[in-house]
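According to our numbering, the stretch in the sequence shown is residues 943 to 1224, in order.
All C-beta atoms in this analysis are idealised placements derived from N, C-alpha and C, irrespective of residue type, glycine included.
Values in this document were obtained by computation on a predicted structure and should not be read as measured data.
First comes the structure, then the notes that go with it.
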Amino acid sequence: MQRKEAQQVCWSISLKSPPKVMIIGTATHGEQALMEQYHSNVWVLLLFRYAGELAVDDYVLPVQPGYCGVFPPDATLTLHYQGRSTHHYAHLTLPGGRGEPEVPIAAITDLGTDFARFEEQYEAAICAYPGSPERTNMLLWDLLWQLTERTPIQQHASTTRHPALRRALELIELRLSDTIRIASLAEDVHISHRQLSNLFHDTLGTTITGYIRHRRIERAQMLLTQTNQPIKQIATAVGIPDLHHFNKIIRRELGDAPRRLRSLPASQAHLSSNSIFTQSQP
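The following block contains the structure:
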C-alpha cells in the first residue's frame, strides 16, 4: 500500500438530499486488539479522538485526535490502534443515483480548532437518533457539507475555485447574522468588487447578494425545523432581524409562515423553485 498525505485522498459524493443513517454511536477499540478490519457496503463517517493509522483501498492514512474520516461503500478499512481508542461512527446511505451531481470530499480532514463544535453537533446527532432519526439525518447532512467545503480545491479539477471565492464563502458563513457589505467582503479577500462578482457568477451561477440570501434562508429553515429557538431569535441569527420582513421572506421562499413550518417535517420544507440560487451549492 502507498502512503499518502491525509488530505490528498478524496472521494466523490452526492449530497443533493439528506443521508439516511443506518447506525450511529460511539465505540472504543484497542483494548484487546491493536488492529481491526471491517468492510461496509454503505458510507462511513468517523470522528477520531486518538492517534493511529488507517488503511483504505491502496492508501495508508494517519489518524490524529481532531480528525474526521469519510469512507465510501465497499471500502475495506483496516485500523491500527496504539491503545484504548474511542471514536464516533455513523453508517449511512445516500439517495444519489445516476446523473446526480457529485462533489469531492476528503477521506481525512483535520478539523483543527473547529473540532469541539463539530463533535458537539455529531453528539447531538447521536442523541437524537432514537427519537428523531430525521433530525440525525439533517445534522449529519450539514456535517458532510462542511467537510466538502474544507476539501482542498486542488483535489478535484472540476470543483476548482479561486482562493478569494473560497475565503468569501467562509466569511459569509461567519457573518450571516450581521449586515454583509459586499464592498467590505471584496476588500477582505483582497480583490475588487467586480472581480468577486464575476467569481460568484462564473463559478456558482448567482450574484453575491443572491447567494447570501439563499444561505440565510437555508440556515433559517434548519433552525426552524430542527431547533426550538424563538422565531425572533432565528430571524436575528440569520441577519434578518425585522420580524415582519423575515416572515414575508420565509413565506415566499419556503411556501409557508415560520410558525407553520415548525410543525412540518424538515423534508417538507423546501426552497422555492423561484429562488435565485438554483444552479450550484457551496
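Could you pull the start and end residues of the alpha helix (DSSP H) that I1191 belongs to? Within the sequence shown, the letter at position 249 stands for residue 1191. Counting along the chain, the alpha helix (DSSP H) containing I1191 begins and ends at L1185 to L1196.
Take every Cβ of the stretch 1071-1088, pair it with every Cβ of the stretch 1122-1129, and state whether three or more of those distances are shorter than 8 Å. no
Applying the criterion that 16 or more other CB atoms from any shown protein chain within 10 Å of the CB defines a buried residue, is A1049 buried or exposed? As a first step, residue 1049 is located in the sequence shown; it is residue number 107 there, counting from the start. So A1049 ends up on the buried side.
Pick helix, strand or coil for E995, following the three-state DSSP scheme. The residue given as residue 995 occupies position 53 in the sequence shown. Strand, per DSSP.
Quick one: what's got a C-beta closer than 6 Å to H1030's C-beta in the same chain, skipping five residues either side? Sequence index remark: in the sequence shown, residue 1030 carries index 88 (1-based). Same-chain partners within the cutoff: T968, L989 and Y1064.
Could you check if Q1006 is buried or exposed, using at least 16 other CB atoms within 10 Å of its CB as the buried criterion? Sequence index remark: in the sequence shown, residue 1006 carries index 64 (1-based). Q1006 should be labelled exposed.
Classification of Q1163 by the beta-carbon crowding that lies within 10 angstroms, buried from 16 upward: Residue numbering aside, residue 1163 sits at position 221 when the sequence shown is read from its first letter. With 16 or more Cβ atoms within 10 Å of its Cβ, Q1163 is classed as buried.
Top-ranked residue by Cα proximity to V951, from A1058, I1150, P1004 and T1169: As a working mapping, residue 951 is identified with position 9 in the sequence shown. Checking every option, the nearest Cα to that of V951 belongs to P1004.
What's the gap between the Cα of N983 and the Cα of D1000? Indexing the sequence shown from 1 puts residue 983 at position 41. Indexing the sequence shown from 1 puts residue 1000 at position 58. So the alpha carbons of these two residues sit roughly 18 Å apart.
Residue burial classification, G1181 (beta-carbon count within 10 angstroms, cutoff 16): In the sequence shown, the residue the question calls residue 1181 occupies position 239. Classification for G1181: buried.
Hey, P1037 and I955: beta-carbon distance below 9 Å or not? What you label residue 1037 is simply residue 95 of the sequence shown in a count that begins at 1. What you label residue 955 is simply residue 13 of the sequence shown in a count that begins at 1. No, the Cβ-Cβ distance between P1037 and I955 is not below 9 Å.
Give the secondary structure of S982 by DSSP, where H, G and I count as helix, E and B as strand, and everything else as coil. For the purposes of this step, residue 982 is taken as the residue at position 40 of the sequence shown. Note: S982 maps to strand in three-state DSSP.
What residue from L1185, L976 and T1051 has the CA that sits closest to W953's CA? Numbered from its first residue, the sequence shown carries residue 953 at position 11. Looking at the Cα atoms, T1051 is the closest of the given residues.
Continuous alpha helix (DSSP H) stretch holding S954: start and end: Counting from 1 along the sequence shown, the entry for residue 954 is found at position 12. Unbroken run through S954 is the beta strand (DSSP E), C952 to I955; no alpha helix (DSSP H).
Nearest-angstrom Cα separation, counted from I965 out to P1015: Reading the sequence shown from its first residue, position 73 is the one you call residue 1015. Reading the sequence shown from its first residue, position 23 is the one you call residue 965. Taking the straight line from one Cα to the other gives about 14 Å.
In the DSSP assignment, find the alpha helix (DSSP H) that holds K1174 and state where it starts and stops. Indexing the sequence shown from 1 puts residue 1174 at position 232. Where K1174 is concerned, the enclosing alpha helix (DSSP H) stretches over I1173 to A1179.
Between the beta-carbon of N1189 and the beta-carbon of A1179, is there less than 9 Å? Counted from its first residue, the sequence shown places residue 1189 at position 247. Counted from its first residue, the sequence shown places residue 1179 at position 237. Going by C-beta atoms, N1189 is not nearer than 9 Å to A1179.
Could you check where the alpha helix (DSSP H) with D1084 kicks off and where it finishes? Start at 1 with the first residue of the sequence shown, and residue 1084 comes out as number 142. Taken as a continuous stretch (DSSP letters only), the alpha helix (DSSP H) holding D1084 covers P1075 to R1092.
Coil, strand or helix - D1120 by DSSP: The residue you call residue 1120 lines up with position 178 of the sequence shown. D1120 falls in the coil class under three-state DSSP.
Which word fits R1155, buried or exposed, when buried means at least 16 other C-beta atoms lie within 10 angstroms of its C-beta? As a first step, residue 1155 must be located in the sequence shown, where it is residue number 213. Flag for R1155 reads buried.
Whether L1107 touches R1158 by CB criterion (9 Å): Counted from its first residue, the sequence shown places residue 1107 at position 165. Counted from its first residue, the sequence shown places residue 1158 at position 216. Their beta carbons are not under 9 Å apart, which means L1107 does not touch R1158 by this criterion.
Pick helix, strand or coil for G1025, following the three-state DSSP scheme. Translated into positions along the sequence shown, residue 1025 becomes position 83. Note: G1025 maps to coil in three-state DSSP.
Hey, how far is the Cα of K958 from the Cα of I1192? Mapped onto the sequence shown, residue 958 falls at position 16. Mapped onto the sequence shown, residue 1192 falls at position 250. One C-alpha to the other measures close to 21 Å.
Please confirm if V986 has its CB atom under 9 Å from at least one CB of chain D. This model lacks chain D altogether, as it is built from one protein chain only.
Just the Cα atoms here: how many angstroms apart are E1115 and H1186? Locating residue 1115 in the sequence shown gives position 173, where the first residue counts as 1. Locating residue 1186 in the sequence shown gives position 244, where the first residue counts as 1. When rounded, the distance between both Cα atoms is 23 Å.
Quick one: grab the DSSP three-state call for A975. In the sequence shown, the residue the question calls residue 975 occupies position 33. A975 falls in the coil class under three-state DSSP.
Alpha carbon to alpha carbon, how far is A1177 from N1170? Counting from 1 along the sequence shown, the entry for residue 1177 is found at position 235. Counting from 1 along the sequence shown, the entry for residue 1170 is found at position 228. Looking at the two C-alpha atoms, the distance is approximately 13 Å.
Three-state class that DSSP yields for P1004 in the structure shown: Here residue 1004 refers to the residue found at position 62 of the sequence shown. Strand at P1004.
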